[in-house]
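Since the structure comes first, as C-alpha cells, the remarks are kept for the end.
Protein chains in written order, with the UniProt record's numbering: chain L, 1 to 530; chain R, 1 to 102.
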C-alpha cells in the first residue's frame, strides 16, 4: 500500500485504468457509433428510396397493407414504420411463425417500400448499424453471457477509474480549462484532464447506467436469492419489476369495425399534434378474428427523456378499448427507465445526438490518452514489455477506427449475392483489426503510430469515393436529392479522415525533436506573453 | 433558437469563470499582473450567475430532465471549445474586458 490516501488512489487509478483500457476503448468507440445507428443503417442499405416530401398517412398505410397481405398473411405480428426525420422511408416488418415441418424458427422479416410505386425495394444483406453498436456489449465472438460479464467488469473498473481520477486531480477547478501544448508528458496529462473533466457528467452517467443496464446478468445472484435460479424464474423478476402503469379509455369505434385503418383514423384525431411513427398488429390470427388482436399506434417524438407514446386498441367485452402505457409502476423500474433512456439517448434531436456522440469519442480519447501516458511514464526504461504495450496501443487506438472503416468498405465491396454477407462484414472488421495488430507488432512504435494514422486517414478519405463508384450516391447527388443521411455520413467520414491526417502530420513534428520539448517548457511561451 | 441562447449563455458564463483564474486572465490580457481580488470576485460571481441562468433557461425550455441533459451536454461542448481557444487563440476573448472597462 502507498503512504498517503492520494497516492494509493493514484495507484488504483493507474492500474484500474490499465487493466481494461483496450476493451474500454473498444466499448466507447463502438458504443458511440450506436448513437448514429439508424444513419449508419441507411448508408449500409443504399438501395432504400428516401421519402422527401410529406406523404399522406393513409396512402402509406394502403401501400404497406397490400404488401403485408401478400407477404405475411400468416405472420403473428405486423409493423409499418412511417417515414420520420431519422428514418425517412417506409419499412414493413413481420414476425413469421415457426414452421416445424420446414424446420424454421420464429423470425422477423423486414422490407423497404418504394413510396412512389409501392413495390418492395430489395436491399443488400448487411449487418448494419445495429450489429455494430451491439458489439459494445456482446463482443461478438464470445458467448453472450461472457460478453455481458466482461463489459460489466470493464465498466466497474471504469467507474473506479473515474472516481479515483477526480480524487487525485489536485487542481480540478484551477486547471479546468488548461491545456498547455507542446510540453511532452505535461501536455498529455493536460489533454487527459480536458477529455475527462469537461465531459465528466457524461462519463459518469454512461458508465454508471451501463453498469446498471446489465445488472440482471452481473448481479444475478441477487435475483437468485429471491426468485430462484434459471431463466424462467428470473423472468418473474423482470415481469414484476418492469410492470407498466396503464391508462384505459373507451372509444366509439364499433367492435366489428376495428381494423388498422379505423385505428389510424382514430389516433390521428386524438393526437392531432403528433406524427405517427409505427402502426402494428399484434396477436394476429390467420382467420382475421379481430376479437383477440391488438392494434398498436406509436407516436413520433418523446416527452422529455421518455420514449414515444404507445397506444393499443383491443376489443374488451364487446367494446373497443384503448390502453396507454404511462411509465413503470414501481420506483426501481422508474429509476432503471431513466438510466436506460439517458444511456441510449433515443430522445435526442440532432444537436444532442451529436453531443452524445462527441462526448463518447471524448471518453474514448480519455482512455487512449491515459494509455499513452502510462507508456510515456515508463518509456525511460524502454523495456521490451513497454515497447510491446506501446505497439498494441497504436494497434488498438488507430486500428479500431481502421477496422470499422473496413466494415463499411466490405458493405460496398463484398459481392451482393454472397451467402452470409452480413456476417462476413463483421468478420472483415475483425480480420482487419487483427491485421493492424500484426502490423504494429512487427514495426517500431513511432513508425507504427505514424503509418497507422496515415492509413486511417486514407481509408476514411476514400470511403465517399468508394460509395460513388459502387452505388448511385455521390456527395453531389445526395445533396441534390436531399438525401441528408447519405450526405451526412460521407461528409462525416471526410472529417474523420482529415482529423487522422492532421494527427499524422503533427505526430511527425513531435517525433523529430522529442528532446527539445522539456527545454521549451522551461522557456517563456511567446504566444502566452509570459 | 433555444439551443443558441443556451450556448451563448454558457459561453459567456464559462468565459467569465475562466478569466477569474489568473492563468487565463494573464493569457487573455497579455500581462503577468495578478487580477485584483474585486475583479476576480466580480468575474467569478457573474460567471456562476450566468451559468445558473443557463440552467434555468434549459429547464424552462425543455423541462427538468431534458433541460439538465441539454445543459450538461452544452457545458461539455462550450468548455472544450473554450479550453482550445485559451490555448491557441486567447486574444479572441479580450472582448469581455472591452465591455467591462470601456
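Glycine residues also receive a C-beta, built at the ideal position from the N, C-alpha and C atoms.
May I ask you to verify whether the stretch 104-113 of chain L touches the stretch 393-404 of chain L, counting CB pairs closer than 8 Å and requiring at least 3? no
Using the C-alpha atoms, what's the distance from residue 192 of chain L back to residue 531 of chain L? Shown here, chain L extends from 1 to 530; a query on residue 531 of chain L therefore has no answer.
May I have the straight-line CA-CA distance separating residue 89 of chain R from residue 33 of chain R, to the nearest angstrom? Walking along the second chain from the start, residue 89 of chain R turns up at place 89. Walking along the second chain from the start, residue 33 of chain R turns up at place 33. Straight-line Cα distance between these residues: approximately 20 Å.
Looking at the strands, I want to know which residues DSSP matches up with residue 314 of chain L. Taking the first chain and counting its residues from 1, the one referred to as residue 314 of chain L is at position 314. Residue 314 of chain L pairs with L:294, L:321.
When DSSP labels each residue in this structure, what does residue 48 of chain L get in the three-state scheme? The residue you call residue 48 of chain L lines up with position 48 of the first chain. Residue 48 of chain L: coil per DSSP, three-state reduction.
Report the option in L:250, L:91, L:26, L:87 whose CA atom is closest to the CA atom of residue 350 of chain L. In the first chain, residue 350 of chain L corresponds to position 350, counting from 1. Nearest C-alpha to residue 350 of chain L: L:87.
Residue 328 of chain L CB to nearest chain R CB: under 8 Å? Here residue 328 of chain L is taken as the residue at index 328 of the first chain, counted from 1. Answer no: the Cβ-Cβ gap between residue 328 of chain L and chain R never drops below 8 Å.
At a CB-CB cut-off below 7 Å, which residues of chain R make contact with residue 304 of chain L? On the first chain, residue 304 of chain L is found 304 positions in, with the first residue counted as 1. Neighbours of residue 304 of chain L on chain R, chain order: 63, 65, 66.
For residue 12 of chain R, go through chain L and note every residue whose CB falls closer than 8 Å to its CB, in chain order. Within the second chain, the letter at position 12 stands for residue 12 of chain R. In chain order: nothing, as chain L lies at least about 14 Å away.
I want to see whether chain L comes within less than 8 Å of residue 43 of chain R, judged by CB atoms only; does it? Counted from its first residue, the second chain places residue 43 of chain R at position 43. Closer than 8 Å: no.
Based on DSSP bridge pairs, tell me the residues matched to residue 280 of chain L. Locating residue 280 of chain L in the first chain gives position 280, counting from the first residue. According to DSSP, residue 280 of chain L bridges with L:79, L:296.
Could you tell me which uninterrupted beta strand (DSSP E) segments, each at least 3 residues in length, are contained entirely in the stretch 103-127 of chain L, listed from first to last along the chain? 107-113
Can you tell me the Cα-Cα spacing of residue 277 of chain L and residue 67 of chain L, whole angstroms? The residue given as residue 277 of chain L occupies position 277 in the first chain. The residue given as residue 67 of chain L occupies position 67 in the first chain. Residue 277 of chain L and residue 67 of chain L have their C-alpha atoms some 18 Å from each other.
Taking 8 Å as the CB-CB cut-off, is residue 179 of chain L touching chain B? Judged by its chain identifiers, the structure shown contains no chain B, and its protein chains are L and R.
Classify residue 65 of chain L as helix, strand or coil using the three-state DSSP reduction. Taking the first residue of the first chain as position 1, residue 65 of chain L is located at position 65. Looking at residue 65 of chain L - three-state DSSP - the assignment turns out to be helix.
By the 7 Å beta-carbon criterion, what residues does the stretch 152-174 of chain L contribute toward chain R? 174
Where residue 262 of chain L falls: helix, strand or coil (DSSP): Here residue 262 of chain L refers to the residue found at position 262 of the first chain. It is helical.
Counting only beta-carbon separations shorter than 8 Å, does residue 547 of chain L have a partner in chain R? Any question about residue 547 of chain L goes unanswered here, given that chain L covers just 1 to 530.
Residue 244 of chain L in three-state terms, based on DSSP: Taking the first residue of the first chain as position 1, residue 244 of chain L is located at position 244. Note: residue 244 of chain L maps to strand in three-state DSSP.
Which residues, taken in chain order from the stretch 10-33 of chain L, show a beta carbon closer than 7 Å to some beta carbon of chain R? none
Give me the Cα-Cα distance between residue 125 of chain L and residue 478 of chain L, rounded to the nearest whole angstrom. Position 125 of the first chain holds residue 125 of chain L. Position 478 of the first chain holds residue 478 of chain L. Straight-line Cα distance between these residues: approximately 22 Å.
Leaving aside the five residues before and after residue 133 of chain L along the sequence, list all residues of the same chain whose C-beta is less than 7 Å from its C-beta, in chain order. Stepping through the first chain from its first residue, residue 133 of chain L is reached at position 133. Closer than 7 Å at Cβ, skipping near neighbours: 30, 31, 33, 34, 37.
Quick check: the stretch 235-252 of chain L against the stretch 176-193 of chain L, are there 3 or more CB pairs under 8 Å? no
Please classify residue 423 of chain L as buried or exposed, where buried requires at least 16 other C-beta atoms within 10 Å of its C-beta. Residue mapping note: residue 423 of chain L aligns to position 423 of the first chain, counting from 1. Burial call: exposed.
Apart from the five residues on each side of it in sequence, which residues of its chain come closer than 7 Å, Cβ to Cβ, to residue 475 of chain L? What you label residue 475 of chain L is simply residue 475 of the first chain in a count that begins at 1. Only 464, 487, 490 meet the Cβ criterion.
Applying the criterion that 16 or more other CB atoms from any shown protein chain within 10 Å of the CB defines a buried residue, is residue 467 of chain L buried or exposed? Counting from 1 along the first chain, the entry for residue 467 of chain L is found at position 467. Buried.
Considering only the alpha carbon of each residue, which of L:157, L:153, L:189, L:152 lies closest to residue 170 of chain L? Here residue 170 of chain L is taken as the residue at index 170 of the first chain, counted from 1. Closest option to residue 170 of chain L, Cα to Cα, is L:189.
Coil, strand or helix - residue 93 of chain L by DSSP: For this step, residue 93 of chain L is matched to residue 93 along the first chain. Residue 93 of chain L falls in the strand class under three-state DSSP.
Proximal residues of chain L, C-beta to C-beta of residue 23 of chain R below 7 Å: Taking the second chain and counting its residues from 1, the one referred to as residue 23 of chain R is at position 23. Result: 178.
Beta-carbon spacing of residue 548 of chain L, residue 16 of chain L below 8 Å: A question about residue 548 of chain L goes unanswered here, because the residues of chain L that appear run from 1 up to 530.
Which residues of chain L have a Cβ atom closer than 8 Å to the Cβ of residue 114 of chain R, listed in chain order? There is no way to answer for residue 114 of chain R, as the model of chain R reaches only from 1 to 102.
What are the start and end residues of the alpha helix (DSSP H) that includes residue 420 of chain L? Within the first chain, the letter at position 420 stands for residue 420 of chain L. Taken as a continuous stretch (DSSP letters only), residue 420 of chain L belongs to no alpha helix (DSSP H), as it is neither H nor E.
Grouping DSSP H, G and I as helix and E and B as strand, with all else coil, what is residue 250 of chain L? By one-based count along the first chain, residue 250 of chain L stands at place 250. DSSP places residue 250 of chain L within a strand segment (E or B) once states are collapsed to three.
Any Cβ of chain R within less than 8 Å of the Cβ of residue 132 of chain L? Mapped onto the first chain, residue 132 of chain L falls at position 132. It does not; no Cβ of chain R falls within 8 Å.
Of the choices L:432, L:79, L:323, L:165, whose alpha-carbon is the least far from that of residue 250 of chain L? Counted from its first residue, the first chain places residue 250 of chain L at position 250. Per the Cα distances, L:323.
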